[in-house]
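A.B. asks:
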Amino acid sequence: MKISYNWLKQLINIDLSLEEVCEKLTMSGLEVEHIIETESIKGGLKDLIVGEVISKTKHPNADSLNLTTVDVGKDDLLSIVCGAKNVEVGQKVVVAPIGTTIHTTTDSFKIKKAKIRGEVSEGMICAEDEIGLGSDHDGILVLDNHIKTGTPLTDLFEVDTDQQIEIAIIPNRGDAISHLGVARELQALTGIKYKKPTVEKIDARGSMRVDISIDNLQACPRYAGITISSVEVKDSPDWLKKRLKSIDLKPINNIVDISNFIQHEIGQPLHVFDYDKIQDHKIIPRFAKSGEKLTTLDGEDRDLSENHFIIADSTQPLALAGVLGGLESGVTESTSTIFIESAYFDPAVVRKTAKSFGLNTDASYRFERGTDPEMVDFALTRAVNLILEIAGGEINSEIVDIYPEAIEPRQIEINFDQFNRLIGYDIPKEKSIEILKNLEIKILANNDINILLEVPRYRPDIERPVDIYEEILRVYGFDNIPIPEKVNYIPSNIDKNAPNKLRSKISNYLANIGFNEIMNNSLVPSRMYAEEEIKNAVHLLNPLSIDMDVMRMELTNSALESIAYNLNRKNTDLKFFEFGKTYIKKDENYTEKEVLQLTFAGNRHPEHWSVKSQNLTHNELIAVAFGLGKKLNISESKMKKTVKLETVSQDQLKFHGLKQDVITLSIDWDACLSMVNSTIQLKEIPKYPIVRRDLSIVLQKETGYEDVAKVAKSTLQQKLTDILLFDVYEGKPLEENQKSFSVAFFLYDSKKTMEDSEIDNLMQKLILSLEKNIDAIIRK
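According to my numbering, the stretch in the sequence shown is residues 225 to 1004, in order.
#1: DSSP puts Ala968 in a beta bridge; with which residues?
#2: Would you kindly work out how many angstroms separate the C-alpha atoms of Gly347 and Lys466, rounded to a whole number?
#3: Given a threshold of 16 other Cβ atoms within 10 Å of its Cβ, counted over all protein chains shown, does Phe969 qualify as buried or as exposed?
#4: When you compare each of Ala572, Glu870, Ile846 to Ser861 by their alpha carbons, which one comes out closest?
#5: What is the residue span of the alpha helix (DSSP H) that Met863 lies within?
#6: To the nearest angstrom, how far is the alpha carbon of Glu844 from that of Asp951?
#7: When the distance is taken between beta carbons, is Arg1003 closer than 7 Å to Val922?
#8: Sort Glu598, Leu852, Arg429 by Cα distance to Ile619 and report the nearest one.
#9: If I measure Cβ to Cβ from Asp362 and keep anything under 6 Å in the same chain, skipping five residues before and after, which residues do I get?
#10: Within 10 angstroms of its Cβ, does Phe702 collect 16 or more other Cβ (buried), or is it exposed?
#11: Can you pull the DSSP bridge partners for Pro321?
#12: Who are Phe803's beta bridge partners in DSSP?
#13: Of the choices Glu658, Leu877, Ser453, whose alpha-carbon is the least far from that of Leu697?
#14: Take Lys855 as the anchor and find which of Cys896, Ser553, Thr823 has the nearest alpha-carbon.
#15: Taking Ile562 as the reference, give the member of Ile770, Thr281, Lys309, Asp500 with the closest Cα.
#16: May I ask which residues mark the beginning and end of the alpha helix (DSSP H) holding Cys896?
#17: Would you give the residue range spanned by the beta strand (DSSP E) that Gln387 belongs to?
#18: Does the stretch 584-598 come within contact of the stretch 378-398, defined as at least 3 CB pairs closer than 8 Å?
#19: Hey, how far is the Cα of Phe803 from the Cα of Asn792?
#20: From Ser538, Leu548, Asp498, pick the residue whose C-alpha is nearest to that of Thr556; which is it?
#21: Evaluate Glu276 with the Cβ neighbour count: other Cβ atoms within 10 Å of its Cβ, from every protein chain shown; 16 or more gives buried, anything less gives exposed.
#22: So what's Ser279 in DSSP terms, helix, strand or just coil?
#23: Could you check whether the stretch 417-425 touches the stretch 704-713, counting it as contact only if at least three pairs of C-beta atoms, one from each stretch, sit closer than 8 Å?
#24: Ordered along the chain, which non-local residues of its own chain (more than five positions away) have a Cβ less than 7 Å from that of Pro571?
#25: Taking Pro689 and Ile636 to be in contact with their CB atoms under 8 Å, please state how far apart those CB atoms are, rounded to whole angstroms.
#26: Hey, would you say Val573 sits closer than 7 Å to Ala761, going by beta carbons?
#27: If you run the structure through DSSP and keep just helix, strand and coil, what is Cys444?
#28: Among Gly449, Pro445, Asp427, whose alpha-carbon lies nearest the alpha-carbon of Ile436?
#29: What residue range does the beta strand (DSSP E) around Thr526 cover?
#30: Exposed or buried, which one is Lys248 when buried takes at least 16 other CB atoms within 10 Å?
#31: Would you grab the beta carbon distance between Ser553 and Ser529 for me? Rounded to a whole angstrom, and I think it's under 8 Å.
#32: Provide the residue(s) that pair with Ser241 in DSSP beta bridges, ordered along the chain.
#33: Taking the continuous beta strand (DSSP E) assigned at Val711, which residues delimit it?
#34: Note down, in chain order, each residue of its chain lying with its Cβ closer than 8 Å to the Cβ of Ile404, except the 5 sequence neighbours on either side.
#35: Looking at the strands, I want to know which residues DSSP matches up with Ile638.
#36: Going by C-alpha to C-alpha distance, which of Ser920, Asn290, Ile770 sits closest to Gln962?
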């Protein structure tokens, strides 16, 4: 939010420096992000001077250009090439000599001595839009002839300087999104009273009444309006233009500018309709009907649904309520009679409409955060005062104010003893009461124990006693609370196998072997999923955008987004891991599951002359999972049950704009946590040699490595210390349904060195067991 310091000082006579004001605002929660020095005319007309055109001839090489000589009050005349059709001898004009910086609406450039079509030009004769004095570019700006040649333009036009303060507004502080709101905040922080803008009572009557019928009072608790006829739509006066420009708003016309001015002055958005465009002179705030359409002020055709709250007349939609007006009913230069809207809309309803269209307007920004329902009539009267003053016209109806169920201010009871216990420090009760009064929180009842308070309607964020305590504390100043000499701390007794610690352990393990962690949003676009899949998705009732309308059912699509992002920036050979939840709905049952997913794209190693580039194989990825299981003390056979390994389909890759293969390894993290073996068995360091024996075993394809390991463990028992699968082979001369495992068996006797005969007997026994139990064939 942008605040003009000059404008702010009109509302509160602050006796602090700008730096002190910004420091106080920041420490209270309204963070000042930037302070920018501004001028009512960009560039401040610096170096521009008055010149007189002495001669004018046609450019010899360009029919549309003229060669002029201009007197700027110095010894030498300036030769300037000018393309304006209205340049004439004897005119007093604005000249930008060499070295002058011209500031346009989009950029800035410095005037240099140049040759234009072969002729020297020593400056520029300016149009009013080129120097910030207007918007006309039909020709150069011609000044009064009595002005002395060589006069600096700063002597003729007043240039106001200002400081623009940019403040970051947190979502619950809708009350602060205006100059009045910031002035109120400064009152709370300094005790200096702010001045609310004055309004003159109006004689509201006439025959051009607009009937208002609110269709849904929950969505629109209050709606008011008034008709003014015989207005003149024209440029705004300079003071109003300067106010808007000081916060980077572009003046449009006096009617629109007044509504924008009031919105930024007191925080109440207004909308102005062309009275003659309202059918039957009826206004109906209602939800749209399916199939209705509206062309908004930005020229976009909007398809409306039953979720969109609109302002309609008797036949058609006129505006998106609290968001954006309609093009057909808007004010134009030919408008003579206007209807001014001032309303209070439910924040959630406005947010839903705005987000569905991807709109974020000044009005929706305020309505979404909550406006003051009591400001509706005040803002309307303020608008009428300014319109009658600036645009003329006359009031031609009473104020129609529909407010059947007044929103009552919230009452909260607080206890100062509880407050002081909560913050660990005693703030004097008198000081707290002073702060409450400066916050415009009324004290309804006060005894030695409790105080009953009434919160102003413009602070809907204050709901509970703790909210009051927070307000007192932030105004008092967090820095003013001393740090105690002693701080009591009770360390928590967290199980060493708690999920967070295990997750951290695995994250470190994966990072150490070359993986990078990614964290993606759990909200994804439904278009990621096929029609059959989306039936099981958890849909959001009120999504922020169409890109976040369902909760993700798997982690692959999110990971592919990260892969695509990196590949587009030439980051190759990617290895990612992500912990995240998946959400699935079947019938009326919801399943939420924690998953660890590894995602791979590219080569095993970065390209290098000493290493041959190779893609990661599925078996290597399984080995990563087994290594992970080892860290958790989970056996390979159990770990394998939690793993799902797959190559991403070409359709899915195409959706994300990927051309190279991607492999994912998805691990059921919840299942892993349930299998973690917290009992660690320690073994004595071997005193005797460990013996290795290798077997090449031919098996049926459906037989797995875990079957081999199971037979080996049951046969060799304590003599077996480890098993290693070091090769897998499929192909000739093996049959089509066969495969070959090369397995190393490590044998050990804790009491003696094993003899060859004993080892041979054990291996023969193992071979017989393998042949009997899993139909193994031992390759000789």
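All C-beta atoms in this analysis are idealised placements derived from N, C-alpha and C, irrespective of residue type, glycine included.
C.D. replies: Here's the rundown:
#1: Against the sequence shown, residue 968 aligns to sequence position 744. Note: Ala968 sits in a beta bridge opposite Asp918, Leu948.
#2: Here the question's residue 347 lines up with position 123 in the sequence shown. Here the question's residue 466 lines up with position 242 in the sequence shown. Looking at the two C-alpha atoms, the distance is approximately 29 Å.
#3: Within the sequence shown, numbered from 1, the residue matching residue 969 stands at position 745. Per the 10 Å Cβ criterion, buried.
#4: As a position in the sequence shown, residue 861 is number 637, starting the count at 1. The candidate whose alpha carbon is nearest that of Ser861 is Ile846.
#5: Here residue 863 corresponds to residue number 639 of the sequence shown, with the count starting at 1. 860-864 is the extent of the alpha helix (DSSP H) around Met863.
#6: The residue you call residue 844 lines up with position 620 of the sequence shown. The residue you call residue 951 lines up with position 727 of the sequence shown. Rounded to whole angstroms, Glu844 to Asp951 spans 12 Å at the Cα level.
#7: What you label residue 922 is simply residue 698 of the sequence shown in a count that begins at 1. What you label residue 1003 is simply residue 779 of the sequence shown in a count that begins at 1. Yes, the pair counts as a contact, with Cβ atoms nearer than the cut-off.
#8: Stepping through the sequence shown from its first residue, residue 619 is reached at position 395. The option with the nearest alpha carbon to Ile619 is Arg429.
#9: For the purposes of this step, residue 362 is taken as residue 138 along the sequence shown, with counting starting at 1. So no residue of the chain qualifies.
#10: Locating residue 702 in the sequence shown gives position 478, counting from the first residue. By the 10 Å Cβ count, Phe702 comes out exposed.
#11: Position 97 of the sequence shown holds residue 321. In the DSSP output, where bridge partners are listed per residue, Pro321 has Gly347.
#12: Along the sequence shown, one-based indexing puts residue 803 at 579. Partner(s): Leu820.
#13: Within the sequence shown, the letter at position 473 stands for residue 697. Nearest option by C-alpha distance: Glu658.
#14: Position 631 of the sequence shown, counting from 1, holds the residue named residue 855. The residue with the shortest Cα to Cα distance from Lys855 is Cys896.
#15: Within the sequence shown, the letter at position 338 stands for residue 562. Closest option to Ile562, Cα to Cα, is Asp500.
#16: Translated into the one-based positions of the sequence shown, residue 896 becomes position 672. Element bounds for Cys896: 893-899.
#17: For the purposes of this step, residue 387 is taken as the residue at position 163 of the sequence shown. Taken as a continuous stretch (DSSP letters only), the beta strand (DSSP E) holding Gln387 covers 385-392.
#18: yes
#19: Working through the sequence shown from its first residue, we reach residue 803 at position 579. Working through the sequence shown from its first residue, we reach residue 792 at position 568. If you take the alpha carbons of Phe803 and Asn792, they lie about 24 Å apart.
#20: Working through the sequence shown from its first residue, we reach residue 556 at position 332. Checking every option, the nearest Cα to that of Thr556 belongs to Asp498.
#21: Within the sequence shown, residue 276 is the residue found at index 52, counting from 1. It counts as buried.
#22: Residue mapping note: residue 279 aligns to position 55 of the sequence shown, counting from 1. Here Ser279 sits in strand by DSSP.
#23: no
#24: As a working note, residue 571 is residue 347 in the sequence shown. So the list reads Phe591, Glu592, Arg593, Gly594, once near-sequence residues are dropped.
#25: Taking the sequence shown and counting its residues from 1, the one referred to as residue 689 is at position 465. Taking the sequence shown and counting its residues from 1, the one referred to as residue 636 is at position 412. With a Cβ gap of about 6 Å, Pro689 and Ile636 count as contacting.
#26: Position 349 of the sequence shown, counting from 1, holds the residue named residue 573. Position 537 of the sequence shown, counting from 1, holds the residue named residue 761. Result no, Cβ atoms of Val573 and Ala761 do not sit closer than 7 Å.
#27: Mapped onto the sequence shown, residue 444 falls at position 220. Correct three-state label for Cys444: coil.
#28: The count along the sequence shown starts at 1 and reaches residue 436 at position 212. Comparing Cα-Cα distances from Ile436 to each of Gly449, Pro445, Asp427, the minimum goes to Gly449.
#29: For the purposes of this step, residue 526 is taken as residue 302 along the sequence shown, with counting starting at 1. One detail in the question is off: residue 526 reads as Arg in this sequence, not Thr. Segment 525-527, the beta strand (DSSP E) holding Arg526.
#30: Here the question's residue 248 lines up with position 24 in the sequence shown. Buried: at least 16 other Cβ atoms inside 10 Å.
#31: Taking the first residue of the sequence shown as 1, we reach residue 553 at position 329. Taking the first residue of the sequence shown as 1, we reach residue 529 at position 305. That pair is no contact at about 20 Å.
#32: Sequence index remark: in the sequence shown, residue 241 carries index 17 (1-based). Ser241 is not bridged to any residue.
#33: The sequence position of residue 711 within the sequence shown is 487, counting from 1. Unbroken run through Val711: none, as it is neither H nor E.
#34: Taking the sequence shown and counting its residues from 1, the one referred to as residue 404 is at position 180. The sequence as given places Leu at residue 404; Ile does not occur at that position. So the list reads Leu235, Tyr418, Lys420, Pro421, Glu489, Ile490, Gly491, once near-sequence residues are dropped.
#35: Within the sequence shown, the letter at position 414 stands for residue 638. DSSP output for Ile638 lists Ile675 as bridge partner(s).
#36: Looking up residue 962 in the sequence shown gives position 738. Among Ser920, Asn290, Ile770, the Cα nearest to that of Gln962 is on Ser920.
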